[in-house]
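See structure below.
In UniProt numbering, the protein residues as written are 1 to 287.
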């Protein structure tokens with residue numbers, strides 16, 4: 001898939017369909033693997049659809065295209081949603097999604113930089129993605145005087161417990177990294193329970209603002225809100241931006257929604273098939 005020129009107006013209906021395709025692919029690959037994380041990837045489907053089918057300048061036929069935008073997945077355990085997005089965008093055959101977490105597969109539990117086309121970093125330790133993205137944005141800002149490349153990073157809200165997130169936030173603010181756009185998947189769960197019980201984030205917007213970032217809060221399932229926030233963030237040139245995307249963990253599968261026990265548990269084949277059938281019957285609410 002070639003997406004070298006961002007369309008001036010988002011095709012909202014297409015983005016809703018892509019988010020549904022991503023969600024279905026996530027359920028299918030996790031059920032096939034019998035292992036992996038479910039709640040986060042389901043909740044991030046609209047974010048990834050907007051990024052890979054509208055926002056990012058990229059080319060699946062030329063993954064190392066020098067003028068591409070760059071995406072980092074900091075919460076690497078949500079890899080199924082990235083793999084599904086890359087496959088649907090044409091980086092590798094969708095049939096390969098069925099190899100998730102198998103021995104020798106290119107699709108391991110966390111993305112590995114050199115394993116697949118389209119991956120920009122290896123994920124693993126939580127909290128490291130923002131540092132990687134800030135370093136990349138720092139370099140791009142100094143080398144690219146035409147201001148046409150942007151660096152994006154997705155983080156889970158649970159990993160904001162990590163101190164190096166805030167070290168990177170200070171670095172990005174100090175160096176006025178206007179081409180760095182972060183997205184926080186604010187789903188209020190982590191593997192041990194609710195984020196506000198494990199380590200309260202409290203006034204998350206105020207925290208980012210106090211670190212010198214421009215901040216937007218949006219419904220993370222509204223493709224229109226996500227597009228508008230990203231468009232606005234792109235226009236900010238003198239500081240980094242963060243979009244706090246409020247999402248429902250397990251979105252699209254009622255028995256999983258809001259339940260932190262689905263953070264790191266896969267569906268059974270029967271659960272996945274039933275959920276996929278439900279998604280295919282229902283219309284989207286992601287406008």
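Glycine included, C-beta positions come from ideal geometry on N, C-alpha and C.
- The three-state reading of DSSP puts residue 253 in coil, since its state is none of H, G, I, E or B.
- Between the region 254 to 270 and the region 228 to 246 there are fewer than three inter-stretch CB-CB distances shorter than 8 Å, so the stretches are not counted as touching.
- At least 7 Å separates the beta-carbon of residue 44 from that of residue 70.
- With three or more CB-CB distances shorter than 8 Å, the region 124 to 135 counts as touching the region 58 to 77.
- Residue 92 sits in coil when the DSSP states are folded into three classes, being neither helix nor strand.
- Closest in C-alpha terms to residue 167, from the list 157, 51, 142, 211, comes 211.
- Cβ contact annotation for residue 172 (same chain, cutoff 6 Å, sequence separation greater than five): 134, 180, 240, in chain order.
- Counting along the chain, the unbroken beta strand (DSSP E) around residue 219 starts and ends at 214 to 219.
- When the alpha-carbon of residue 261 is set against those of 279, 209, 280, 194, the nearest one is in 194.
- With fewer than 16 neighbouring CB atoms inside 10 Å of its own CB, residue 170 falls in the exposed class.
- When DSSP reads this structure, residue 170 sits in no beta bridge, so it has no partner.
- Distance between residue 99 and residue 174, taken at the CA atoms: about 43 Å.
- Residue 244 carries a strand assignment under DSSP once its states are collapsed to helix, strand and coil.
- Annotation for residue 186: the continuous beta strand (DSSP E) segment containing it runs 180 to 186.
- Uninterrupted alpha helix (DSSP H) stretches at least 4 residues long and entirely within the region 99 to 159 occur at 129 to 143, given in chain order.
- The residue among 59, 37, 32 with its C-alpha nearest the C-alpha of residue 6 is 59.
- Residue 34 and residue 218 have their alpha carbons spaced roughly 33 Å apart.
- Beyond the five residues adjoining it in sequence on each side, residue 253 comes within less than 7 Å, by CB distance, of 42, 275 in the same chain, given in chain order.
- In the structure shown, residue 2 adopts extended strand secondary structure according to DSSP, grouped into three states.
- Cβ neighbours of residue 177 within its own chain (closer than 7 Å, five residues either side excluded): 134, 137, 138, 141, 240.
- Spanning the alpha carbons of residue 281 and residue 130 requires a straight line of approximately 38 Å.
- In the structure shown, residue 59 falls within a strand segment according to DSSP collapsed to helix, strand and coil.
- With 16 or more other Cβ atoms from the protein chains shown falling within 10 Å of its own Cβ, residue 119 counts as buried.
- Secondary structure of residue 277 (DSSP, three-state): helix.
- Per DSSP, residue 15 is one residue of the alpha helix (DSSP H) stretching across 12 to 33.
- Between the alpha carbons of residue 20 and residue 263 lies a gap of roughly 20 Å.
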